[in-house]
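Per the UniProt record's numbering, the sequence shown starts with residue 1, numbered consecutively.
First up is the structure itself, then whatever we jot down about it.
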Amino acid sequence: MTKILVVFHSITGNTMELAKAVAEGAREEGVDVVVKRVPETIPEEILEKNPGYRAVKDELKSFEVANPEELEEYDAIIFGSPTRFGVMSSQMKQFIDMTGKLWMGRKLEGKVGAVFTSNEMPHGGKEATLLTMILPLLGHGMIIVGIPPVKELYKAGSYYGATSTGKPREEDLEVARLLGKRVASIAKKLKS
Ligand SMILES: Cc1cc2nc3c(=O)[nH]c(=O)nc-3n(C[C@H](O)[C@H](O)[C@H](O)COP(=O)(O)O)c2cc1C
């Protein structure tokens, strides 16, 4: 069975909501989908000062923490990060930087990769974040999947991945589901 990992970083839940929609879309293809989060590096006592975090922390913590070495087990990996100053969060970058052993062994080569992000401003760096998230995946030799110019893209998302401005709207979730479904469909074809 084709196995897909959706791995995300989130503090106030927006990227987590996109991750759930990406997974939902992938499951429509009848593949095995696992959703995990990357390790958090901000101390809990600092996070606790953020009401947005307190509101979602129980759900966030219900997702298992991913181990970089497990990426090898999946046929496709979809990475989600909040935008931080126009790039992915340091927590997600740290996770990716821990995949050096897999890179040396070319273990992710030929697997499908895709990305999504949430930020706060309409033009606050979504596309810059998505494009720079793709670079390490290309370094691994992954096959990058984006979104073609379907009608849904006129209302949300990007060619380069799914997005949201703050809390995802239904249109954002729709594009996230499309991304998950497309990745799953391509991963299935590559495996057959
Ligand atoms: C340190 C920091 C940097 C950020 N940088 C940006 C930015 O460059 N552009 C933007 O639109 N939003 C920025 N944001 C806002 C977050 O990307 C946004 O709130 C996002 O939806 C949070 O995702 P989460 O709910 O999954 O944690 C930043 C937030 C923080 C804390």
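Even for Gly, the Cβ is constructed at its ideal location relative to N, Cα and C.
Three-state class that DSSP yields for residue i in the structure shown
{"i": "residue 161", "result": "strand"}
{"i": "residue 36", "result": "strand"}
{"i": "residue 43", "result": "coil"}
{"i": "residue 5", "result": "strand"}
{"i": "residue 134", "result": "helix"}
{"i": "residue 281", "result": "Lying outside 1 to 192, the shown extent of the chain, residue 281 is not represented and no answer is given."}
The alpha helix (DSSP H) enclosing residue i, as first and last residue numbers
{"i": "residue 25", "result": "14-27"}
From the options, residue whose alpha carbon lies closest to that of residue i
{"i": "residue 157", "options": "44, 12 and 177", "result": "177"}
{"i": "residue 139", "options": "126, 89 and 105", "result": "105"}
{"i": "residue 82", "options": "37, 155 and 192", "result": "37"}
{"i": "residue 50", "options": "169, 165 and 10", "result": "10"}
{"i": "residue 79", "options": "54, 65 and 113", "result": "113"}
{"i": "residue 71", "options": "4, 187, 147 and 93", "result": "4"}
{"i": "residue 17", "options": "185, 186, 174 and 188", "result": "174"}
{"i": "residue 184", "options": "7, 13 and 27", "result": "27"}
{"i": "residue 125", "options": "166, 53 and 103", "result": "166"}
{"i": "residue 192", "options": "34, 24 and 75", "result": "75"}
{"i": "residue 20", "options": "161, 129, 8 and 41", "result": "8"}
{"i": "residue 168", "options": "147, 122, 151 and 188", "result": "122"}
{"i": "residue 69", "options": "89, 86 and 96", "result": "96"}
- Query: At which residue ranges does the stretch 38-114 contain complete alpha helix (DSSP H) runs of 4 or more residues, listed in the order of the chain?
  - Reply: 44-47, 51-61, 90-97 and 100-104
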